[in-house]
Amino acid sequence: MTAQQKIQNWKRLTEILQDIRLSGSGDAARAAKIAEQLLPYFPKFSFTLNRIHNRMLQVA
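Taken in order, the sequence shown gives residues 1439 to 1498; the numbers are from our numbering.
#1: Quick one: what's got a C-beta closer than 6 Å to Asn1447's C-beta in the same chain, skipping five residues either side?
#2: Assign Ile1445 to buried or exposed, taking buried as 16 or more other Cβ atoms, counted over all protein chains shown, within 10 Å of its Cβ.
#3: Using alpha carbons as the reference points, say which of Asn1492, Asp1465, Leu1476 and Arg1493 lies closest to Leu1451.
#4: Which class does Met1439 belong to by DSSP, given the choice of helix, strand or coil?
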């Protein structure tokens, strides 16, 4: 992954977090939504993000 791709990923992460913060949904639903949206940008952490997503969907 190039430096430019990393910068774009972090910019996208910031946008995702801002959108979710403004949505006002519950904590579990918010965590599931964050994990789901981060997967394409951080494939190295896909196992962890999938676990978070699945667990939070069960709670929500």
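Virtual Cβ for every residue (Gly too), placed ideally from N, Cα, C. Please read these numbers as outputs of a predicted model, since none were measured by experiment.
Based on what the coordinates show:
#1: Residue mapping note: residue 1447 aligns to position 9 of the sequence shown, counting from 1. Taking Asn1447 as the centre and dropping the five residues before and after it, the same chain places the C-beta of Tyr1479 closer than 6 Å to its C-beta, in chain order.
#2: Position 7 of the sequence shown, counting from 1, holds the residue named residue 1445. Its Cβ having fewer than 16 others within 10 Å, Ile1445 is exposed.
#3: Position 13 of the sequence shown, counted from the first residue, corresponds to residue 1451. It is Leu1476 whose Cα lies nearest to the Cα of Leu1451.
#4: For the purposes of this step, residue 1439 is identified with residue 1 of the sequence shown, where counting begins at 1. Under the three-state reduction of DSSP, Met1439 is assigned to coil, being neither helix nor strand.
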